[in-house]
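Numbering (UniProt numbering), first residue to last: 1 to 199.
Note that the Cβ used here is the ideal one computed from N, Cα and C, for glycine as well.
This one's a predicted model, so the numbers in the text were calculated from it and none came from an experiment.
Accompanying notes for the structure given below.
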């Protein structure tokens with residue numbers, strides 16, 4: 001069984017985070033979940049679900065502290081803060097420019113940034129899903145730094161070649177690409193098979 005960390009920051013795009021967590025659990029993975037302080041405000045604003053309400057919804061289908069593990073962003077004694085903890089990688093979705101800047105500078109004052117820094121130093125997959133536009137040169141330089149250190153920059157940029165008919169399809173396109181990068185099998189989106197096979 002694979003074990004992943006999902007970090008949720010205060011950038012807009014909470015729906016990507018919630019769907020990523022659900023999709024990883026549906027694929028049979030264990031998931032450690034870390035909300036930043038701003039995420040705890042942005043997630044209910046965008047989705048109508050406070051953090052504990054989201055955990056309660058997950059509990060209807062999965063087992064807390066067996067399938068998913070809520071972590072406190074201030075708990076630097078958590079297992080995921082250590083490189084010795086068995087973990088397969090991490091996704092920060094959505095990733096705020098503040099969090100990206102901290103990581104690029106090697107500044108890790110929270111569990112979320114520490115866990116991401118651990119993935120970089122242990123050479124584990126770290127996916128960063130920025131949801132910001134336009135981007136300044138500072139943003140681009142910070143993401144370049146993380147890419148050079150082994151991080152994967154995966155912008156929340158949905159494809160429209162399959163003519164999505166719902167918000168869910170648009171979200172699942174990006175979430176499917178996230179799972180692809182983690183090598184987690186999924187059927188969340190229509191894969192391009194060539195111009196001759198459009199259905």
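In the three-state reduction of the DSSP assignment, residue 72 falls in the coil class. Here residue 85 has 79 as same chain residues with Cβ atoms under 7 Å from its own Cβ, once five neighbours each way along the sequence are excluded. If you ignore the 5 residues before and after residue 93, its C-beta comes within less than 6 Å of the C-beta of 16, 17, 20 and 129, all in its own chain and listed in chain order.
Contact annotation: the region 22-31 does not touch the region 111-119, with fewer than three C-beta pairs closer than 8 Å.
Shown here, residue 35 sits in a strand according to DSSP, grouped into three states. Residue 57 and residue 188 have their C-alpha atoms roughly 21 Å apart. Within the region 38-103, the runs of alpha helix (DSSP H) at least 4 residues long that lie entirely inside it are, in chain order, 39-47 and 51-59. The Cβ-Cβ distance between residue 155 and residue 131 falls below 9 Å. Minimum Cα-Cα distance from residue 29 among the listed residues 3, 38 and 40 corresponds to 3. Secondary structure of residue 135 (DSSP, three-state): coil. If you draw a straight line from the Cα of residue 59 to the Cα of residue 50, it comes to about 14 Å. Across the set 70, 69, 1 and 44, the C-alpha of 44 shows the shortest separation from the C-alpha of residue 13. Taking 9 Å as the cut-off, the Cβ atoms of residue 96 and residue 36 count as close.
When beta bridges are read from the DSSP output, residue 4 appears opposite 31 and 89.
Residue burial annotation: residue 77 is exposed, with fewer than 16 other C-beta atoms found within 10 angstroms of its C-beta. DSSP, reduced to helix, strand and coil, places residue 184 outside both helices and strands of the structure shown, so it counts as coil. Where residue 25 is concerned, there is no enclosing beta strand (DSSP E), although the alpha helix (DSSP H) around it starts and stops at 14-26. Taking C-beta atoms as the reference points, residue 103 and residue 117 count as a pair closer than 9 Å.
For residue 154, the secondary structure class from DSSP, reduced to helix, strand or coil, is coil. When rounded, the separation of the alpha-carbon atoms in residue 108 and residue 81 is 10 Å.
Contact between residue 31 and residue 6 holds, with the beta-carbon distance rounding to 6 Å and staying under 8 Å.
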